[in-house]
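Asker: Please see the structure below; I have some questions.
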């Protein structure tokens, strides 16, 4: 194997490590409003900044959450069961808005 090929493989390997490490440490914090409850157990949250919907089980919401409640959503990357764009839900808290 020539030296150029070895360096090419080394660079690819190092780039993959950087990519994996950034996913593990990445965290997403955004605000959203509880838009509606579907099927009695699924909450649909509209994420304001991202202009996306997030559907989560009702038990993940803070107690007393009703439609039009503003929430802070925290998510982290690199998990077994992502719920939104490769991120896993860490927690949801109420916001005063």
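Residue numbers (the numbering used here): 78 to 174. Positions of the beta carbon are idealized from the N, C-alpha and C atoms, including for glycine. Bear in mind the structure is a predicted one, so any value in this text is a computation, not a measurement.
Among residues of its own chain, excluding the 5 on either side of residue 103, which ones have a beta-carbon nearer than 6 Å to its beta-carbon?
Answerer: Reading the chain shown from its first residue, position 26 is the one you call residue 103. If we look at residue 103 and ignore the five residues flanking it on each side, its Cβ neighbours are 154.
Asker: Looking at the strands, I want to know which residues DSSP matches up with residue 134.
Answerer: By one-based count along the chain shown, residue 134 stands at place 57. In DSSP, residue 134 forms a bridge with 119.
Asker: Where residue 170 and residue 82 are concerned, what is the direct C-alpha to C-alpha distance, given to the nearest angstrom?
Answerer: Residue 170 sits at position 93 when you count from the first residue of the chain shown. Residue 82 sits at position 5 when you count from the first residue of the chain shown. Answer to the nearest angstrom: the Cα atoms are 51 Å apart.
Asker: Tell me the rounded alpha-carbon separation between residue 168 and residue 135.
Answerer: Taking the chain shown and counting its residues from 1, one reaches residue 168 at position 91. Taking the chain shown and counting its residues from 1, one reaches residue 135 at position 58. Residue 168 and residue 135: Cα-Cα distance of roughly 12 Å.
Asker: Below 8 Å between beta carbons: does that hold for residue 110 and residue 119?
Answerer: Along the chain shown, one-based indexing puts residue 110 at 33. Along the chain shown, one-based indexing puts residue 119 at 42. Against a cut-off of 8 Å, the Cβ pair of residue 119 and residue 110 comes out as no contact.
Asker: Work out the CA separation of residue 122 and residue 142 for me, nearest whole Å.
Answerer: As a working mapping, residue 142 is identified with position 65 in the chain shown. As a working mapping, residue 122 is identified with position 45 in the chain shown. Rounded to the nearest angstrom, the two C-alpha atoms are 11 Å apart.
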